[in-house]
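Top line first, the protein sequences correspond to chains A and B. Residue numbers 641 to 1276, in the numbering used here, belong to the letters of the first sequence in order. Residue numbers 20 to 389, in the numbering used here, belong to the letters of the second sequence in order. All C-beta atoms, glycine included, are put in the ideal place defined by N, C-alpha and C. Have a look at the structure below, then the notes.
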Amino acid sequence: MNKTKARSEHIRKRAKIEEKYSWDRMSDADDERQSHSTRAVIASIVVLTIFTLYLFKLYEVQVSSHEYYATKSDSNRIRIRPIPAQRGNIFDRNGKILAKNITTFDLIVKKEKINNYEEFLSKVKTIIELSDSQVKNLNKQFRNKRIRDITLLEDITMEEYSKISVDKHALPEIELGVRSRREYLYPYSTSHVLGYTGNVSDSDVYSGVIDIQEGMTEVGKLGVERFYQNILAGESGFEKLETDALGEIIRTVETKDSKRGDDVYLTIDIDLQNYAYEQIKNKEGSIIVMNPNNGDIISFISAPGYDLNLFTKSISTENYNKLINDIRKPLINRAINGQYPPGSTLKPFVGLIALEENIINEKKLINCSGAYSLKNHKRPFKCWKKEGHGPSDLSYSLTQSCDVFFYRVAELTGIDTISENLYKYGFGQKTYLDLYNESSGLIPDRDWKYKIKQEPWYPGETLNVGIGQGYFLATPMQLTLATSSLATAGSTFVPHLLLQSIDTKTGDALPYEYKKNKFTTPYPDANKLDIVHHAMWRVTNENGVGTASNMKRVKGLEFAGKTGTAQVYSLDAGKSDKKKLQDHALFISYAPFDKPEIVVTVIIEHGGSGSTAAAPIARNIIDFYFNNNMKVSSND
Amino acid sequence: MIDYVGNNYQSRGLSNLLHIDLKLFLAIIAITILGLLTIYSSSSGDMSLVIKQFTRIAIGIITMVFIAQVHPDNLRLFAPPLYFFTVILLIMVLFFGVGNTADRWLDLYFIRFQPSELMKIFVPLMVASYYSDKPLPPKFTYILLASIVVLAPVLMIMKQPDLGTALLIAMSGAIAILLAGISIKFFVSSLIIIISLVPVLWMNMHAYQKQRVLTFFNPESDPMGSGYHLLQSKIALGSGGFFGKGFLNGTQSKLGFVPEHSTDFIFSAYGEEFGFIGVLLLMFLYLFIALRGLSISVKATDNFGRILTGTLSLTIFLYVLVNVGMVIGFLPVVGAPLPFMSYGGTSMVTLFATIGIIMSIKSHQRILRK
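Right under this line is the structure:
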């Protein structure tokens, strides 16, 4: 019973616990369903809110900022590759080719493929032996931001390439580059006319005279190549390429072909140019042959020349230093940058000024005793002829190149009148021929002297100017133009090297537009000019009297000229490094005498006297010109 | 009290016979077609990729149909063994896993797969199964236990390392617990605790993971490096504009500027070609799937069905948010595929299996009678 009671008690308790437990465990299905529904609704609201937020952001990216991303997308995939234009050729006046483009094969590496330059360089060294200067050149190429490819080797043959290709696995970036390179057919005789081309550098970009186009690799550096760069260069084309993320080209989207540059025809006659160059190639000096009637420069020589083709294959430092340090200074364009005292070649101009200013007349005689004494001047001014010329008039003094006569004339005229009048022959100013960096020579006067030396003008200095010595300086080009002025009675044209340019696409010729010089005024008195003309005729034709009359005559024509021997105190070039007194030989001339067609100027540095060193060269050139049917047409 | 009367498939044709929710199914098929088109286009017409993906979709559909036939009660019963089995697989991955950057794959010679992908289903399944016979809202002990169920695989996956998947699974677990009915107050306080654990997480992160997070906060800082993916995918999306560049006309993806244009960044490739219009269509399809799933969960007869369906449908939407959020710069770059779109086998089959579960619960709804 007790046991039963206890048992029933236990059961009751158990039931109570169970009941309690069961209650606890009881889930209220409706409640749970309701709770879940609420949470599902909250979840839906959260989902919708975030969804809306996303849509706004998507709208912003895809619609509002579409332009921005579209541009980025295009610049991602579109690469514009410029197609450089072929450069125009250069011809002489008769259509003989002087400069052209040749195709060369180079070993190149695209810069974009180089990750680490040092590493790259050491890899290159395993394949190709590099000299120090070559390494320097590679460094230079790598730094030049305008160059896209680094040229390892230039002008290689296919055989050389296949040899290197064996080792290509060590440097897989290597490619064979096909390039167009300038070649000059007469690299020495035309060096100072044509100039050369080279890689575009910063100085070219900021020069202000050159149109830089996308993809342009070479640009004229000097000479005609430089001056007519914009005509010769043509127009670059381009390819719009679609590339993938690795830079591989997928397809061409758009192409614009390049337009080849215009061909340029020069006034130069290459046969005469070569002939003239042969005359002075072993000397230092300049020869210019010009048509006085239109300014066509038929020959333009500065000697020595240099090999233009060295420069088109990116010149080695070694070669460049050799040229720079050459004691003969082949890189200087003496024709426009050589500034020389003209010596006696200035006398016709001084004489003419004195005639026109009525300081002397043709009959005026001045006694030459071999020297001229100036007041307050210790040393007398000497004539080249110690024994003197005796009483001489202008014509005789020019023919004999008497110094005393011109000392006196200069003294009578005065420096102010002389310097003022010398400008009208083109001295003291640029001739504005079609080459850059021309020197302007120097006409000294009181102001100049004071400005430069803070000293007054001394009368003795006037005497020196009277015979083309002292401070007065002229370039060969200026002398040529001044001689033209005598030959044409002051009707001169701007000297020029361009004859015409021809559009390579249409074939249209664009001729050079002749321009008259502004500085010359027609000579007031033809009779006075005739006196000087006649005297210059006597120089070359009056046997035994004329300073250049000892030469063999040119068959079939007479020409006029004037010798000059300028004393300079300068380095004895090529022989020693000491300064000494030397003579520059000069000669100015025009031919034929009665109807001038060409003006020939010859200057030989340290060549000795004008009559022995310069005049015969001019004579040969005139002979060659007129006896080889080389007559050039004039524009009248 | 509750009488089981019968299933609600009476005479509604083949889809009912197969336990298929036709609306849900059609929405998903639409997305997979868009995915196939995008893969075809951004691989420049490589049919082999399309065929591979198509095969996966087919396998996915078969898996879905198969799972849809399984009665939810069986799912509930099988949940613990499946869960623990996968945990063992994860442990194996830690020791014998293979992979390129991280060892996520298990090579069983006849098949290579990521056990972490399975966890995307099994964690919600396990949580739902665990709570199925517990009174709701759950007591603290149950929450703690459920949290362990969630965190154990999460930590192992993090160790692989696969931060993206780990976070997704953690979040799906959190959703499950949240749907089970814990109080918001409790949830918020746990959230604060988790956030305070972020520095600890950071210390344990791998360098590349840290870099990704850093890049996320300032993608333009390193446009050619880690920010590259992000920037390029945004450019792709943005350059699509309102109407898109047109099918087969995308350049960003086709030319290789968008990396992973068929997998994680397929959304960019799609948006580039189909524009904002296409993106709207796709986003609404995903929204439809999420809301349809939620509505099925509301109608489910028991807690298991409710929690599971709700969690799974929200998880799918979460994947979408994570993937799209990554592309548009809302979220850091974590390797997460876009559901039903991204090229890839495991994820496709897993997602179809997920849908299969939802369909099973929908189609095996019991008609209640009081």
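Quickly, what does DSSP pair residue i with across the bridge? List them, please.
i: Asn839(A); result: Glu858(A)
i: Ser1249(A); result: Ser1249(A) is not bridged to any residue.
i: Gln1207(A); result: Asp1223(A)
i: Phe745(A); result: Val818(A)
i: Asn784(A); result: Per DSSP, none; premise fails for Asn784(A).
i: Ile1244(A); result: Gly925(A), Ala1225(A)
i: Gly260(B); result: DSSP lists no partner for Gly260(B).
i: Pro1031(A); result: Asn1007(A)
i: Thr895(A); result: Glu879(A)
i: Phe4(B); result: The structure shown does not extend to residue 4(B), since chain B spans only 20 to 389, so no value can be given for it.
i: Asp936(A); result: His1136(A)
Using a Cβ-Cβ distance under 8 Å, would residue i count as near chain B?
i: Lys880(A); result: no
i: Leu761(A); result: no
i: Ala943(A); result: no
i: Glu672(A); result: yes
i: Ile685(A); result: no
i: Arg679(A); result: yes
i: Ile871(A); result: no
i: Ser662(A); result: For Ser662(A), the predicted model reports a pLDDT of 48, less than 50, meaning its position is unreliable and no value from the coordinates is stated.
Under three-state DSSP, which class holds residue i?
i: Ser942(A); result: strand
i: Gly354(B); result: coil
i: Asp1263(A); result: helix
i: Glu649(A); result: helix
i: Ile952(A); result: The sequence shown places Thr at residue 952(A), not Ile. Here Thr952(A) sits in helix by DSSP.
i: Asn223(B); result: coil
i: Pro1151(A); result: strand
i: Arg733(A); result: coil
i: Ala1188(A); result: coil
i: Met175(B); result: helix
i: Gln919(A); result: helix
i: His1136(A); result: strand
i: Phe359(B); result: coil
i: Lys1202(A); result: strand
i: Ser382(B); result: helix
Would you please verify whether the beta carbon of residue i is less than 8 Å from any beta carbon of chain A?
i: Met360(B); result: no
i: Ser34(B); result: no
i: Gly259(B); result: yes
i: Gly18(B); result: With chain B covering only 20 through 389, there is no way to say anything about residue 18(B).
i: Phe159(B); result: no
i: Val325(B); result: Looking at the sequence shown, residue 325(B) is not Val but Arg. Taking Cβ atoms only, chain A reaches closer than 8 Å to Arg325(B), which makes this a yes.
i: Ile254(B); result: yes
i: Gly5(B); result: With chain B covering only 20 through 389, there is no way to say anything about residue 5(B).
i: Thr270(B); result: yes
i: Leu155(B); result: yes
i: Asn93(B); result: no
i: Leu370(B); result: no
i: Val298(B); result: yes
i: Leu174(B); result: no
i: Phe266(B); result: no
i: Gly183(B); result: no
Please check the pair residue i and residue j, which I expect to be a contact at CB under 8 Å, by giving their CB distance rounded to whole angstroms.
i: Gly863(A); j: Leu1075(A); result: 6 Å
i: Gly925(A); j: Ile1243(A); result: 5 Å
i: Arg727(A); j: Gly901(A); result: 5 Å
i: Leu41(B); j: Ser34(B); result: 4 Å
Q) Taking a cut of 7 Å between CB atoms, which residues from the region 300-317 of chain B lie near chain A? A) If the cut-off is 7 Å between Cβ atoms, the region 300-317 of chain B has Met302, Leu306, Ala309, Leu310, Leu313, Ser316, Val317 near chain A.
Q) When Cβ atoms are compared, which residues of the region 692-724 of chain A fall closer than 7 Å to chain B? A) Here the close residues are Tyr694, Leu695, Lys697, Leu698, Tyr699, Val701, Gln702, Val703, Ser705, His706, Tyr708, Tyr709, Ala710, Lys712, Ser713, Asn716, Arg717.
**Q.** Contact set between the region 280-295 of chain B and chain A, restricted to residues whose Cβ is under 7 Å from the partner
**A.** Taking 7 Å as the Cβ-Cβ cut-off against chain A, the residues of the region 280-295 of chain B that qualify are Gly290, Gly294, Phe295.
Q: Name, going along the chain, the residues of the region 874-903 of chain A whose beta-carbon falls closer than 8 Å to a beta-carbon of chain E.
A: As a matter of chain content, chain E is missing from the structure shown, whose protein chains are A and B.
Q) Can you list, in chain order, the residues of the region 52-77 of chain B whose Cβ is nearer than 9 Å to any Cβ on chain A? A) None of the residues of the region 52-77 of chain B has a beta carbon lying less than 9 Å from any beta carbon of chain A.
**Q.** chain B contacts made by the region 736-769 of chain A, where a contact means CB separation under 8 Å
**A.** Result list empty, no residue passes.
Q.
Output needed in chain order: residues of the region 787-819 of chain A with a Cβ under 7 Å from some Cβ in chain B.
A. If the cut-off is 7 Å between Cβ atoms, the region 787-819 of chain A has nothing near chain B.
Q.
Can you pull out the residues from the region 914-928 of chain A whose beta carbon lies closer than 7 Å to at least one beta carbon of chain B?
A. Answer set for the region 914-928 of chain A: empty.
Q | Residues of the region 332-346 of chain B whose Cβ lies closer than 8 Å to any Cβ of chain A, in chain order | A | Against chain A - using a Cβ distance shorter than 8 Å - the residues of the region 332-346 of chain B are Leu333, Phe336, Leu340, Val343, Gly344.
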